[in-house]
Amino acid sequence: MSALRRKFGDDYQVVTTSSSGSGLQPQGPGQGPQQQLVPKKKRQRFVDKNGRCNVQHGNLGSETSRYLSDLFTTLVDLKWRWNLFIFILTYTVAWLFMASMWWVIAYTRGDLNKAHVGNYTPCVANVYNFPSAFLFFIETEATIGYGYRYITDKCPEGIILFLFQSILGSIVDAFLIGCMFIKMSQPKKRAETLMFSEHAVISMRDGKLTLMFRVGNLRNSHMVSAQIRCKLLKVPFRTLPICLEVWQIVEEGA
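Per the numbering used here, residue 1245 is the first one in the sequence shown, and the count goes up by one each step.
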């Protein structure tokens, strides 16, 4: 058995089985019981060794609506890949939407056809198609300054859209950049540099059995007023009385 443990490790246990087929078949001469390796049934841990809490919530009702009611915290708690995806997607959709609004204004006013007429004053100068409207929006949103394209005073709807774009851009920037800043400033990975001993031991201290383990800090910066709290989880059990009755089964006609 020690050789089997060295070969397969402690994740398997040795059980004794019959040679083949059903256990009711008689064994022939020289056919003794065989040993078979079966995987052990591992007990679930409440907290993994890497610090992850192995708990899954259930039966909470409408979980989606609860998460959406606190959208900012939900975005902060998402993984980095989803944060970056939502960040890029939100800005892309907002830019395409606002560029489409500038293009719609130029299209409804007829600026796309009359832009080359010398005496005609368009809403936005030198906007001929959607790419030029998109470039004008980027110049406005990034505040890099107007050059070849600029808005004129002959377009009241363009001025209203300009104000709406400024307000919407400020809201989107505050929401997304604030979300990314808070996520980067969270010390979630601080626990990665706190090392625990691989095995905990129980030893006699002051006449009592004491659970002992070690905690180490890998960083050079010391932790001030550090406190450690431990929780002991015990599975309660009951003693159930079992009534054992012996029944004698007699075949009819015997």
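In this text, a Cβ means the ideal position worked out from N, Cα and C, and glycines have one as well. Since this is a predicted model, take the numbers as computed values, not measurements.
Cβ-based neighbour list, residue i, same chain, cut-off 7 angstroms, excluding 5 preceding and 5 following
i     : result
V1291 : C1297, N1298
S1414 : none
V1468 : none
Same chain, Cβ closer than 6 angstroms to residue i, neighbours up to 5 away in sequence not counted
i     : result
L1319 : C1423
R1458 : S1441
P1480 : none
Enclosing beta strand (DSSP E) for residue i [first to last residue]
i     : result
L1453 : 1452-1456
L1438 : 1438-1440
G1460 : 1459-1461
C-beta atoms of residue i and residue j nearer than 9 angstroms
i     : j     : result
Y1390 : E1383 : yes
A1569 : W1347 : What the structure shows of the chain is the stretch from 1245 to 1498, and residue 1569 is not part of that stretch, so it cannot be assessed.
L1412 : M1342 : yes
K1398 : P1431 : no
L1455 : C1474 : yes
W1339 : K1427 : no
V1371 : L1356 : yes
Span of the alpha helix (DSSP H), counted from its first residue to its last, around residue i
i     : result
L1407 : 1400-1429
R1325 : 1324-1353
I1205 : Nothing about residue 1205 can be reported from this structure: the residues present for the chain run from 1245 to 1498 only.
L1319 : 1315-1321
F1290 : Run containing F1290: none; DSSP gives neither H nor E here.
I1382 : 1374-1385
Distance between residue j and residue i (C-alpha atoms, nearest Å)
i     : j     : result
T1351 : R1393 : Note that residue 1351 is Tyr in the sequence shown, not Thr. The straight-line gap from Cα to Cα measures roughly 16 angstroms.
I1404 : T1334 : 22 angstroms
G1354 : D1417 : 33 angstroms
F1381 : Q1471 : 53 angstroms
V1368 : F1331 : 29 angstroms
L1407 : L1438 : 50 angstroms
E1436 : S1410 : 42 angstroms
I1349 : N1373 : 11 angstroms
P1375 : R1434 : 46 angstroms
N1363 : T1396 : 14 angstroms
M1345 : I1388 : 20 angstroms
Y1311 : K1478 : 32 angstroms
M1448 : L1315 : 51 angstroms
S1429 : A1444 : 33 angstroms
L1322 : D1450 : 47 angstroms
Chain-order list of residues whose beta-carbon lies under 8 angstroms from that of residue i (same chain, five-residue window excluded)
i     : result
R1463 : T1437
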